[in-house]
Each structure stands twice: as C-alpha cells, then as structure tokens.
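**Q**
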Amino acid sequence: MNKLLISLLVTLGITGVAHAAGDAAQGKQKVAVCGACHGADGNSLAPNFPKLAGQNENYLFKQLKDIKAGDRTVVEMTGMLNSLSEQDLADIAAYFAGQTVQIGQAAADQVALGEEIYRSGIAESGVAACTACHAPSGQGNNAAGFPALSGQSAAYVESTLKKFAAGERANDPSGMMRDIAVKMKDAEIKAVAQYVQGLH
Numbered sequence: 010m011n012k013l014l015i016s017l018l019v020t021l022g023i024t025g026v027a028h029a030a031g032d033a034a035q036g037k038q039k040v041a042v043c044g045a046c047h048g049a050d051g052n053s054l055a056p057n058f059p060k061l062a063g064q065n066e067n068y069l070f071k072q073l074k075d076i077k078a079g080d081r082t083v084v085e086m087t088g089m090l091n092s093l094s095e096q097d098l099a100d101i102a103a104y105f106a107g108q109t110v111q112i113g114q115a116a117a118d119q120v121a122l123g124e125e126i127y128r129s130g131i132a133e134s135g136v137a138a139c140t141a142c143h144a145p146s147g148q149g150n151n152a153a154g155f156p157a158l159s160g161q162s163a164a165y166v167e168s169t170l171k172k173f174a175a176g177e178r179a180n181d182p183s184g185m186m187r188d189i190a191v192k193m194k195d196a197e198i199k200a201v202a203q204y205v206q207g208l209h
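The opening position of the sequence shown corresponds to residue 10 in the working numbering, with each subsequent residue numbered one higher.
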C-alpha cells in the first residue's frame with residue numbers, strides 16, 4: 010500500500026504546497042541570519058545543520074511554513090521566522106533552491122549497503138527504495154514536494170531518520186517517512202545517510 014501511495018504521489022505530483030512564486034533575488038536579501046548555521050550559500054559547514062543549497066523549492070517552502078507554524082520543531086529556529094511573511098518564506102526558498110550544493114564524500118565502508126538500500130529498499134522489512142521519491146541521483150521531486158538528498162550531510166540525514174522513527178518529527182505527508190524509518194536498523198540508517206552524502 011505504501012509503495013502504491015508513493016508511486017501515485019510521484020506520478021501525479023500531488024503536493025498541497027502550491028504557493029506564490031518566490032523571488033530568488035529578494036530572497037538573497039533576506040537570508041543573512043540563515044548563514045550563521047546554514048552557510049551564506051546554503052552549504053552548511055556544521056554537519057548537524059542541513060544544507061539548503063539546491064534543495065527543492067516546494068519542499069523548503071513547506072518546511073519553513075511548518076517551522077513557523079510549530080508543526081515542525083527545530084529548537085535552534087524558535088522565533089526566527091515569526092516576523093516573516095509567506096512571501097518572505099517563498100523568496101528564501103527560491104534563493105536557496107537556486108544555489109549549488111557541495112557534494113560530500115561517503116565513508117567507503119558504508120557505500121555498498123547504503124546504495125543497496127537507496128536503490129532497492131529492504132524487502133524483508135518492507136522499506137521502499139529511496140529512489141521512489143528522491144530520484145536515482147538524489148534530486149528529489151520538486152513538483153511532489155519531495156526533498157533533494159544529494160550531498161546532504163550524513164550526520165543530518167541520520168539524525169532526521171532517527172527523529173522520524175521515534176515520532177519526534179511528524180510533518181511528513183501521510184506519515185511516509187515515519188513508516189519507513191521505524192522499520193530501519195541503526196546500521197541501515199547510518200549506511201544510507203553516508204551514501205546520500207556522496208550521491209550526485
């Protein structure tokens with residue numbers, strides 16, 4: 010059933026995240042404070058903060074809205090978006106989406122398992138292949154609001170998957186990521202996180 014739902018979402022591009030077009034030039038003027046954690050161009054140097062460069066605009070816009078509304082808790086961002094309008098958030102999303110992500114390097118001993126999970130899933134656990142939503146190259150699906158994973162910090166991906174598994178993060182459409190992450194062992198989470206860090 011989950012595979013069918015994912016396939017339908019990818020095929021039809023159902024998002025619920027339609028919004029006013031963001032203006033990247035305006036966004037560039039609104040991201041100064043973001044740079045402290047995420048880097049001026051969205052390439053965070055701190056592995057616990059996500060890279061925003063090259064992230065899909067629809068996904069990033071939704072995350073910003075969710076954080077502002079309290080639907081996604083990010084302690085470090087408490088109150089930081091309160092004074093921003095929906096247009097401001099759209100502009101910021103457009104700016105970071107237009108930047109180029111810097112690809113990292115996966116730990117060599119994690120690549121084989123990580124690639125197997127990313128491309129084929131884990132049949133015995135009922136874990137769908139990551140490619141279904143995030144694409145073979147890790148570019149995600151902007152129309153469907155699925156995030157790009159290519160080059161994302163392994164530490165951040167691992168932490169995020171564990172938060173989904175524990176139910177600490179719950180702003181995923183129809184609980185898709187929670188359903189997947191809860192079925193994964195820590196070693197599997199670590200491997201796939203390492204793999205996407207070097208994926209391009």
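We put the CB at the ideal spot given by N, CA and C, even for glycine.
How many angstroms separate the CA atom of L198 from the CA atom of A190?
**A** According to the sequence displayed, residue 198 carries Ile and not Leu. So the two alpha carbons sit approximately 8 Å from each other.
**Q** If I'm right that N52 touches Q111 with Cβ under 8 Å, what's the distance once you round it to whole angstroms?
**A** Between Q111 and N52 the Cβ distance is about 5 Å, and since that is below 8 Å, they are a contact.
**Q** Would you please state the rounded distance, in angstroms, between the beta carbons of K77 and N91? I believe it to be under 8 Å.
**A** 7 Å between Cβ atoms; contact.
**Q** Have a look at the DSSP bridge pairing and note the partners of F155.
**A** Paired residue(s): N150.
**Q** Kindly say whether G51, judged by its beta-carbon, lies nearer than 8 Å to any beta-carbon of chain C.
**A** No chain C is part of this structure, which consists of one protein chain only.
**Q** Tell me the DSSP secondary structure of I126 in three-state form.
**A** Looking at I126 - three-state DSSP - the assignment turns out to be helix.
**Q** Buried or exposed for K213, please, with buried defined as at least 16 other CB atoms from any protein chain shown within 10 angstroms of its CB.
**A** In the structure as shown, the chain begins at 10 and stops at 209. Residue 213 is therefore absent and cannot be evaluated.
**Q** Where DSSP assigns a beta bridge to V136, which residues make up the other side?
**A** Per DSSP, I131.
**Q** Below 8 Å, can you find three or more Cβ-Cβ pairs linking the region 33-49 to the region 97-108?
**A** At 8 Å Cβ cutoff, the stretches touch.
**Q** Could you give the DSSP three-state label for N91: helix, strand or coil?
**A** Residue state, collapsed to three classes: coil.
**Q** Is A106 closer than 8 Å to N150 when the C-beta atoms are compared?
**A** No, the pair does not count as a contact, with Cβ atoms beyond the cut-off.
**Q** Is DSSP giving E177 helix, strand or coil here?
**A** Three-state DSSP puts E177 in coil, outside helix and strand.
**Q** Might you give, ordered along the chain, the residues of its own chain that have their beta carbon closer than 7 Å to the beta carbon of A179, omitting 5 neighbours on each side?
**A** Here the set comprises R187.
**Q** Count the other CB atoms within 10 Å of the CB of A174; is the residue buried (16 or more) or exposed (fewer)?
**A** Buried.
**Q** Considering only the alpha carbon of each residue, which of S129, M86 and V166 lies closest to P145?
**A** Out of S129, M86 and V166, S129 has the C-alpha closest to the C-alpha of P145.
**Q** Determine the extent of the alpha helix (DSSP H) in which E85 is found, giving its start and end residues.
**A** From DSSP, E85 is part of no alpha helix (DSSP H); its letter is neither H nor E.
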